[in-house]
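Each remark here refers to the structure printed beneath this line.
Number of protein chains: 2
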Amino acid sequence: MTAAEPSGSPTMRDVADHAHVSPMTVSRTLRDDPSVTPEKRRRVLDAVAALGYRRNEMARNLRLGSSTGLLGVIIANIANPFYAQLALGIEAHADKRGMRVVFANSGENPERERQLVSDFAARRLDGIIAVPTANQHDHLDPAALSGTPVVLAASPPHRINVDAVLLDDFGGTYEATSMLIARGHHRIGFLGLPAATWTGSERYRGYAAALEAAGLRVEDRYVRRNQPDVAAAVASATAILDQPDPPTALFAANNRNTLGAYRAIRSRAETVALAGFDDLDVADLLDLPLIVVSYDARELGRVAAELVCEHIDNTAPGSSTRRIVIPTKVIDYQQCPS
Amino acid sequence: MTAAEPSGSPTMRDVADHAHVSPMTVSRTLRDDPSVTPEKRRRVLDAVAALGYRRNEMARNLRLGSSTGLLGVIIANIANPFYAQLALGIEAHADKRGMRVVFANSGENPERERQLVSDFAARRLDGIIAVPTANQHDHLDPAALSGTPVVLAASPPHRINVDAVLLDDFGGTYEATSMLIARGHHRIGFLGLPAATWTGSERYRGYAAALEAAGLRVEDRYVRRNQPDVAAAVASATAILDQPDPPTALFAANNRNTLGAYRAIRSRAETVALAGFDDLDVADLLDLPLIVVSYDARELGRVAAELVCEHIDNTAPGSSTRRIVIPTKVIDYQQCPS
DNA sequence: CTGTTAGCGCCTTCAG
DNA sequence: CTGAAGGCGCTAACAG
Chain V
38 MTAAEPSGSP TMRDVADHAH VSPMTVSRTL RDDPSVTPEK RRRVLDAVAA LGYRRNEMAR
98 NLRLGSSTGL LGVIIANIAN PFYAQLALGI EAHADKRGMR VVFANSGENP ERERQLVSDF
158 AARRLDGIIA VPTANQHDHL DPAALSGTPV VLAASPPHRI NVDAVLLDDF GGTYEATSML
218 IARGHHRIGF LGLPAATWTG SERYRGYAAA LEAAGLRVED RYVRRNQPDV AAAVASATAI
278 LDQPDPPTAL FAANNRNTLG AYRAIRSRAE TVALAGFDDL DVADLLDLPL IVVSYDAREL
338 GRVAAELVCE HIDNTAPGSS TRRIVIPTKV IDYQQCPS
Chain P
38 MTAAEPSGSP TMRDVADHAH VSPMTVSRTL RDDPSVTPEK RRRVLDAVAA LGYRRNEMAR
98 NLRLGSSTGL LGVIIANIAN PFYAQLALGI EAHADKRGMR VVFANSGENP ERERQLVSDF
158 AARRLDGIIA VPTANQHDHL DPAALSGTPV VLAASPPHRI NVDAVLLDDF GGTYEATSML
218 IARGHHRIGF LGLPAATWTG SERYRGYAAA LEAAGLRVED RYVRRNQPDV AAAVASATAI
278 LDQPDPPTAL FAANNRNTLG AYRAIRSRAE TVALAGFDDL DVADLLDLPL IVVSYDAREL
338 GRVAAELVCE HIDNTAPGSS TRRIVIPTKV IDYQQCPS
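Sequences listed follow chains V and P, in order.
All residue numbers for the first sequence refer to this note's numbering, where the first residue is 38 and numbers rise by one.
All residue numbers for the second sequence refer to this note's numbering, where the first residue is 38 and numbers rise by one.
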């Protein structure tokens, strides 16, 4: 018998030696090349089993040119249900193609996002899907990333030439706000997102447009646009409602704000109507009526993965900067009987 | 000037040519080797900038021996808040070390889990953290994975020699069930998980032990142990409560079952007490009192990442099969005033 | 201080 | 049908 196998992973050479063939025959066998004698083929497969050999895909990819079979995803926080669904959709599509997904949290930190993108490019991931945190997208330009394809999710590209999958932020917000107005609310508060973000400005636009369409005016004192977490959303909602002549309804620009607003409203005597962007999976369990702007976050992820894969395959239309919009749907959760 | 740059990523050779030095000087410069003349160093850095060069980390890792800087994580479904928190904890720790995380969903399918593990090993990921779906762990044995370190989360290893991070499934369930008993409930239903899983059997054990300690008997007709989703949990809860002489309280073995039980209870006239494993982030918003077994899923992830990294660094104690238990805490959400 | 040689693990090309 | 040579991009080890 030969000496003890090396402690590291066995290599193709080890298998070849064990099977008394050349490494090439091993390579061919592992690729199901029909031009290998059944006899040798068997010997190789036996050696593979005996040694617990596993082809080094990274080395293989190096030789084959590129393609690590890895898709990079940069999101704010995987624990946010929206991003979790997005991730699910991406993973499902990648999986169909035998690709794996590298997830990284940017924590809404632009500098960190920049580092991650750079890291992904250095690792030669086949493509990148990002939910950009800020409005500066230079670091996401494929031209600056050795040509790594990029697709943006939930935000259109700013001065770079990449595809994007978007939500109907404006339309969804407009519709939900209009519904509040139709129910007789003339003073409607707004818990928004930072104005510097696409999502933040679009949802605000939808809110403002709905008010204006009804002949109402936006009152700045009813608007707060910077609640980074649920606690801050509670505080902002409370502050808005504590004013003289307070709003009779609130629109919350995302799930965190909706939960915060809900908590704030719940602890008060007066009834305040509530609508918000992002569905909640427990929306029907709450004891206040709630209107939500719902959409298929998983589909958003699926489409983003599809687009980036088209670029990876060079199937994508040349210079096009596609923008696909995932529709939103307003759902009215009536108060359940207690 | 030289001819047009190759369309693919520029290589170290390209940079060397551009800067009129050898590839080694480029290599050294990029590694901040002090033994490079400031002059040449500058020339190299200029060329890097001009060409938009980025060192190929995969090729580098190949040459350096191993270490892809990638950590593999296999979980059932990233959209489940428990796994999302776990993922967050892992990602946070990996990130500190400059490592990236490859997430894959097993969908609770053992065959799929096996494929993913094999895929991770073939890609030479530095380590694997898995929440195993079934009780068969042979495919997770590092010995069969070219030595790739493995750490299990939420389930102890079965016949393989790896570290694990666990929850106090038994203790938490015992305590919460005992609390229901102390409140006068003598007939308590149980919505469980498949008995074949560690979590499923331990939580059942905790439930049964609490009943027995109080001189009560487990009634099989109050027990259902296979609800794969919320809808099934609603159905099982309803079935249990629709019997003659029904339970006055339910224990739900995880978040899905708790939500299902909640929905079922809510639609009935009689009051039924509810306790469940896994905290819900909206627990305090519900309009029924709820007891939950809470724990820090993020910490669980952090510790798992820590353990696997110790193996990657060869810092881990030799043959030890460590089992670290994350404590649970029972929280009593009283009914909020409507 | 810098460049040459050699090779990580694998695969394409081209002879046998 | 099989093997030998060469190289993917990078870097230790060794000359100069």
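A virtual CB, placed ideally from N, CA and C, is assigned to each residue, including glycine.
All figures in this text were calculated on a predicted structure; none of them were measured in a lab.
Within the same chain, Cβ atoms closer than 7 angstroms to the Cβ of valine 271 of chain P are found at Gly297, Arg300, Ala301, the five residues on either side in sequence being excluded.
Asparagine 198 of chain P counts as exposed, since fewer than 16 other beta carbons sit within 10 angstroms of its beta carbon.
Interface with chain V (8 angstroms Cβ-Cβ cutoff): glycine 184 of chain P is included.
Between valine 187 of chain V and alanine 113 of chain V, the C-beta spacing is not below 8 angstroms. As for any alpha helix (DSSP H) of minimum length 4 sitting wholly inside the region 193 to 253 of chain V, the runs are 206 to 219, 235 to 250, ordered along the chain. Our two residues, valine 85 of chain P and glycine 45 of chain P, have alpha carbons roughly 15 angstroms apart in a direct line. Alanine 124 of chain P places its beta carbon 8 angstroms or farther from that of isoleucine 368 of chain V.
With the rule of 3 Cβ pairs closer than 8 angstroms, the region 314 to 333 of chain V does not count as touching the region 341 to 349 of chain V. Contacts with chain P at 8 angstroms (Cβ-Cβ) do not include isoleucine 111 of chain V. Within its own chain, the residues whose Cβ lies closer than 6 angstroms to the Cβ of valine 362 of chain V, once the five positions on either side in sequence are excluded, are Leu203, Asp205, listed in chain order.
Leaving aside the five residues that flank tyrosine 370 of chain V on each side, the residues in its chain whose CB is nearer than 6 angstroms to its CB run, in chain order, Ala320, Asp321, Leu327. By the neighbour-count criterion, in which a residue is buried when 16 or more other Cβ atoms sit within 10 angstroms of its Cβ, aspartate 69 of chain P is exposed.
Nearest CB-CB separation between arginine 161 of chain V and chain P: below the 8 angstroms threshold.
When C-beta atoms of the region 85 to 99 of chain P are compared with those of the region 159 to 173 of chain V, three or more pairs fall below 8 angstroms, so the two segments count as touching. What methionine 95 of chain P touches in chain V, judged by beta-carbon distance under 8 angstroms, is Met95, Asn98, Leu99, Thr105, Arg160, Arg161, going in chain order. The region 261 to 277 of chain P and the region 220 to 232 of chain P touch, with no fewer than 3 CB-CB distances between them shorter than 8 angstroms. By the rule that beta-carbons nearer than 8 angstroms mark a contact, arginine 65 of chain V does not touch chain P. Cβ neighbours of alanine 233 of chain P within its own chain (closer than 6 angstroms, five residues either side excluded): Asn172. Interface with chain P (8 angstroms Cβ-Cβ cutoff): tyrosine 241 of chain V is excluded. Cβ neighbours of alanine 312 of chain V within its own chain (closer than 6 angstroms, five residues either side excluded): Ala213, Leu217, Phe288, Ile328.
Using beta-carbon distances, leucine 204 of chain V does not count as an interface residue toward chain P, since no partner is under 8 angstroms. Shown in chain order are the members of the region 311 to 327 of chain P whose Cβ falls below 7 angstroms from a Cβ of chain V: Val319, Leu322, Leu323, Asp324. A distance of 8 angstroms or more separates the beta carbons of proline 47 of chain P and asparagine 292 of chain P.
Cβ-Cβ distances below 6 angstroms link serine 273 of chain P to Leu228, Arg261, Gln264 in the same chain, with the five nearest sequence neighbours on each side left out; the list follows chain order.
In the three-state reduction of the DSSP assignment, alanine 290 of chain V falls in the coil class, being assigned neither a helical nor a strand state.
The DSSP-derived three-state label of leucine 108 of chain V is strand. By the beta-carbon neighbour count (other beta carbons within 10 angstroms, threshold 16), asparagine 351 of chain P is exposed.
Look at asparagine 98 of chain V here: in three-state DSSP terms it is helix.
For threonine 365 of chain P against valine 330 of chain P, the beta-carbon gap comes to about 5 angstroms, under 8 angstroms, which counts as contact. For arginine 258 of chain V, the closest of V:Gly237, V:Pro281, V:Tyr244 by C-alpha to C-alpha distance is V:Pro281. When CB distances to chain V are screened at a threshold of 8 angstroms, the residues of the region 274 to 305 of chain P falling below it are Leu296, Tyr299, Arg300, Arg303, in chain order. Proximity of valine 138 of chain V to chain P, defined by a Cβ-Cβ separation below 8 angstroms, is satisfied.
Residues of the region 121 to 148 of chain P with a C-beta atom less than 7 angstroms from some C-beta of chain V are Ala121, Gln122, Ala124, Leu125, Glu128, Arg137, Val138, Val139, Phe140, Ala141, Asn142, listed in chain order.
Using a CB distance cut-off of 8 angstroms, glycine 89 of chain P counts as an interface residue toward chain V. Annotation: the continuous alpha helix (DSSP H) that includes leucine 82 of chain P extends over 75 to 88. Here threonine 74 of chain V is exposed: its Cβ has fewer than 16 other Cβ atoms, across all protein chains shown, within 10 Å.
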